[in-house]
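What follows is a single structure, written as structure tokens, with notes after it.
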Amino acid sequence: MKKKIGVIFGGKSAEHEVSIESAKTVCAGLEKAGFKALPLYAPRAGGWRLVPLKALLAGGRLSGPEIEPSLASGSFLKKGGGRVRPDALFPIIHGSTGEDGVLQGLLELLGIPYAGCGVTASAVGMDKVISKELAALDGVPVLPHVVIRAHQRGSMGPLLKKALKLGFPLFVKPVAQGSSVGVAKVKNAAGLRPAVLNAFRFDTAVMIEKGVDRAREIVCGVLGSPSGAKASVTGEVVPKGSHEFFDYEAKYLDNDGMDFLLPAPLSAATAARIRELTVRIFLALGGSGMARVDFFVDPKDERKVYFCEINTLPGFTSHSLYPRLWAKTGLAPEKVLKELVNLGVLAMAARRRLATSRR
18 MKKKIGVIFG
28 GKSAEHEVSI
38 ESAKTVCAGL
48 EKAGFKALPL
58 YAPRAGGWRL
68 VPLKALLAGG
78 RLSGPEIEPS
88 LASGSFLKKG
98 GGRVRPDALF
108 PIIHGSTGED
118 GVLQGLLELL
128 GIPYAGCGVT
138 ASAVGMDKVI
148 SKELAALDGV
158 PVLPHVVIRA
168 HQRGSMGPLL
178 KKALKLGFPL
188 FVKPVAQGSS
198 VGVAKVKNAA
208 GLRPAVLNAF
218 RFDTAVMIEK
228 GVDRAREIVC
238 GVLGSPSGAK
248 ASVTGEVVPK
258 GSHEFFDYEA
268 KYLDNDGMDF
278 LLPAPLSAAT
288 AARIRELTVR
298 IFLALGGSGM
308 ARVDFFVDPK
318 DERKVYFCEI
328 NTLPGFTSHS
338 LYPRLWAKTG
348 LAPEKVLKEL
358 VNLGVLAMAA
368 RRRLATSRR
């Protein structure tokens, strides 16, 4: 009998539509891997729905019976009677509440195995500041940055001046958002404050980071657990047209917004170093399951490599980087998905073996 894998997607996030596209690819891949995919949709308005697989894959209306998670039964109860209890879950809600540890905490309480990073790694990975600081403690090179938090908005002048001393270009980023939502490249002093205010639309904290002029954007996938993780080949994102970096439009709206070079045209030594750093960062942050780690490389000296960010729940759309990295490495999407499900089951089993009393 096929194991049932609940794919959780949607959510109250600026990346809602991206999540839907990822869910299509994940569900199709799970079916190909021999599982039965159960699409569990979280509309922006709230609640949960069990959506027919055919409707999701066909791009149809995402409607179906209302369900709600039941901590008492470790399942999803259907409105009007009945319940759904997947053998495992595959969360693919991008952005806030989906990849920041919030959803993972609920899944822990449900007691159902799930793919991907756990609560702590998800929360830490979503926070660009904390993840950089932890990586730096482990010897990973990072770029200097300034952080402005919500309570400092009314008096952020001194912090803006401090950021300007870093030199241009500067990148302004919401601290806890994904898919480059709210990110801006700033080339002069006049553009800094507007970019910060725009970033505050998406988060309660904003990071201003020193950029590398015409930096090469290198990405690498990681798959595994603390007992053994492996890195994919490296890839290089080359923005095209009006895109100066790999922004939201280049990722999801402009079909000709970037070129993706696989493998990245790097020396063997630099590629090996980036793959080693990818695994090191993943383990330093307590990662398990999957992640994509992004780096900046100085175009004048590729030995200068800087950790940009980690994405603990990377996109799984048909053109997303993570599955393409693994395909180039020799691992088909359905095999990646199967391994992620198995890793999630093993991780939950390990946590269940932990003592719950002092006796």
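Residues in the sequence shown are numbered consecutively from 18, following this note's numbering. We put the beta carbon where it would ideally sit given N, CA and C, even for glycine.
Counting Cβ pairs closer than 8 angstroms, one from the stretch 129 to 139 and one from the stretch 103 to 111, do we hit at least three? Contact annotation: the stretch 129 to 139 touches the stretch 103 to 111, with at least three C-beta pairs closer than 8 angstroms.
Pairwise C-alpha distance: residue 170 and residue 7: Examination of residue 7 is not possible in this model, given that the chain is present from 18 through 376 alone.
Would you call residue 143 buried or exposed, if buried means 16 or more other Cβ atoms sit within 10 Å of its Cβ? Around the beta-carbon of residue 143, 16 or more other beta-carbon atoms lie within 10 Å, marking it buried.
For residue 122, which three-state DSSP category applies? Three-state DSSP puts residue 122 in a helix.
Contained alpha helix (DSSP H) runs [length at least 4] in the stretch 155 to 195, N- to C-terminal order: Runs of the alpha helix (DSSP H) inside the stretch 155 to 195: 174 to 181.
Quick check: the Cα distance between residue 235 and residue 213, rounded to an integer number of angstroms? Near 25 angstroms, if we compare the C-alpha coordinates of residue 213 and residue 235.
Classify residue 328 as buried or exposed, calling it buried when 16 or more other Cβ atoms lie within 10 Å of its own Cβ. Result: buried.
When DSSP builds the beta bridges, which residues end up paired with residue 233? The partner list for residue 233 (beta bridge, DSSP) reads 314.
Taking 7 angstroms as the limit between beta carbons, can you name the residues of its chain near residue 37, skipping five residues before and five after? Within the same chain, 26 and 27 come within 7 angstroms of residue 37 by CB-CB distance, once the 5 residues on both sides are set aside.
Three-way DSSP call (helix, strand, coil) for residue 368 in this model: In the three-state DSSP reduction, residue 368 falls in the helix class (H, G or I).
Helix, strand or coil, according to DSSP, for residue 110 in the structure here? If DSSP states are grouped into helix, strand and coil, residue 110 belongs with coil.
Residue 332 to residue 297, Cα distance in whole Å? One C-alpha to the other measures close to 21 angstroms.
What are the partner residues of residue 327, as DSSP defines its beta bridges? In the DSSP assignment, residue 327 is bridged to 310.
Can you name, in chain order, every residue of its own chain whose Cβ lies under 6 angstroms from the Cβ of residue 180, other than the five neighbours on each side? Around residue 180: 163 and 225.
Just confirm the distance between the C-beta atoms of residue 53 and residue 21, as a whole number of angstroms; I'd bet it's less than 8 angstroms. The beta carbons of residue 53 and residue 21 sit about 5 angstroms from each other, so the pair counts as a contact at 8 angstroms.
Measure the alpha-carbon distance for residue 218 versus residue 59 and round it to whole angstroms. In a straight line, the C-alpha of residue 218 is about 22 angstroms away from that of residue 59.
Excluding five sequence neighbours on each side, which residues of the same chain lie with their C-beta closer than 6 angstroms to the C-beta of residue 326? Result list for residue 326: 145 and 311, in chain order.
Within a Cβ cutoff of 6 angstroms, which residues of the same chain sit near residue 46, ignoring the five residues on either side of it in sequence? Around residue 46: 350, 351 and 354.
Can you give me the start and stop residues for the alpha helix (DSSP H) that residue 219 sits inside? Residue 219 -> no alpha helix (DSSP H), and no H or E assigned at all.
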